[in-house]
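Reading the sequence shown from the start, the letters are residues -4 to 113 in our numbering. Inspection log for the structure reproduced underneath, given as structure tokens.
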Amino acid sequence: MKVRQIDATGLPMAEAQDLVLRVLRGLTERARPFAAVLLMPAPPQGPGGPPATGRIRTLKEIRPGLTAHCRGLAFVAPAEIPAERAKAIHSGESLWGCPTTATQDVAEARSWAQSRLI
-4 MKVRQIDATG LPMAEAQDLV LRVLRGLTER ARPFAAVLLM PAPPQGPGGP PATGRIRTLK
56 EIRPGLTAHC RGLAFVAPAE IPAERAKAIH SGESLWGCPT TATQDVAEAR SWAQSRLI
């Protein structure tokens, strides 16, 4: 098993979140254990983007697959993320269905994700 990396750093936040959910859906559909490093963009300046209703629905749909197959999600995000995003990243199994961690260091994220596969 190898750690999957999802790089959404150059995308607007809503597109980055959609990409992450699409890739996670694909990984859960493979029905094999995995861990992933998610490279997230800096937060948008100003008011938030479009409503997250569709993303929330998608996460609810894929959560059983994440619970069954995901060994961990390591988020790499800038320090200045909004409080609600930080809370979502750190909510782990209650939101994502699997363990999560967050860091600003890609190597640290990869190491943590790799340790979840052992």
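Here a beta-carbon is modelled for each residue, glycine too, at the ideal position from N, C-alpha and C.
Asked, Found
"Helix, strand or coil for residue 105, going by three-state DSSP, please let me know.", "helix"
"Is the beta carbon of residue 34 closer than 8 Å to that of residue 12?", "no"
"Does residue 13 come out as helix, strand or coil in the three-state DSSP assignment?", "helix"
"Determine the contact status of residue 112 and residue 30, defining contact as a CB-CB distance below 8 Å.", "yes"
"Taking 6 Å as the limit between beta carbons, can you name the residues of its chain near residue 52, skipping five residues before and five after?", "none"
"Count the other CB atoms within 10 Å of the CB of residue 97; is the residue buried (16 or more) or exposed (fewer)?", "buried"
"Per DSSP, residue -1 forms a beta bridge with which residues?", "31"
"Can you tell me which of 108, 26, 54 and 50 puts its alpha carbon nearest to the alpha carbon of residue 68?", "108"
"Classify residue 5: buried if its beta carbon has 16 or more other beta carbons within 10 angstroms, exposed otherwise.", "exposed"
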